[in-house]
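Report on one structure; see the data block that follows.
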Amino acid sequence: MSYSFLIDECLSPRLAQEAHKMGYAATSVRDRGWCGLKDREIIRHAMDNNFTLVTNNSVDFRGDSPPAAGGLYALEELHTGLVCLNAEEGVLDFKKQFAAFAVLLANLPDDLVNRALEVTVLKDGRCCVMEYAIPTE
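Here is the structure:
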């Protein structure tokens with residue numbers, strides 16, 4: 000599968016540039032003029048354009064905790080995947096965003112159809128990667 004990422008407005012749009020450097024297609028909610036849209040509208044744009052959404056707004060999109068079925072993506076019968084970038088402690092600042100995104104790009108599976116990939120920056124700076132189904136099987 001060839002990935003096309005949509006970087007959510009809660010993350011730096013510069014992540015799209017990092018994806019381009021690694022040979023992936025990417026754009027951001029900010030660059031598309033979609034800031035302020037409701038999460039359901041962002042999902043529609045992602046679905047309509049075959050984007051894999053990359054977000055820090057994990058709870059709304061994937062549910063309370065991974066693996067979870069209560070988020071907005073659980074309502075989708077078919078989707079091209081969800082990526083959640085998180086910090087175990089504190090805010091996911093630029094440094095943590097770029098570290099988590101680099102780990103994501105290094106650990107992409109062949110495809111993420113109806114799946115989520117979660118990268119969490121731990122307190123010690125290491126990253127933990129978890130992949131699971133959404134909706135749950």
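Using numbering that gives the first Met the number 0, you'd call the opening residue of the sequence shown number 0 and step up by one each time.
Backbone N, C-alpha and C fix where the C-beta goes; we use that ideal spot for every residue, glycine too.
Exposure of residue i, with buried meaning 16 or more beta-carbon neighbours within 10 Å
i, result
"Tyr92", "Sequence check: residue 92 is Asp here, not Tyr. So Asp92 ends up on the exposed side."
"Asp7", "buried"
Continuous beta strand (DSSP E) stretch holding residue i: start and end
i, result
"Ser27", "24–27"
"Phe60", "No beta strand (DSSP E) holds Phe60; the alpha helix (DSSP H) holding it covers 57–61."
"Phe4", "3–6"
Through-space distance from residue j to residue i, alpha-carbon basis
i, j, result
"Pro134", "Asp123", "31 Å"
"Phe60", "Tyr72", "6 Å"
"Pro108", "Glu87", "23 Å"
Spatial neighbours of residue i in its chain, beta-carbon cut-off 6 Å, leaving aside the 5 residues before and after
i, result
"Asp50", "It should be pointed out that residue 50 corresponds to Phe in this sequence rather than to Asp. Once the five neighbours on either side are set aside, the close Cβ partners of Phe50 are Ser3, Leu5."
"Gly80", "Thr51, Leu111, Arg114"
Residue i, DSSP secondary structure in three states
i, result
"Met21", "coil"
"Val120", "strand"
"Leu81", "strand"
"Leu52", "strand"
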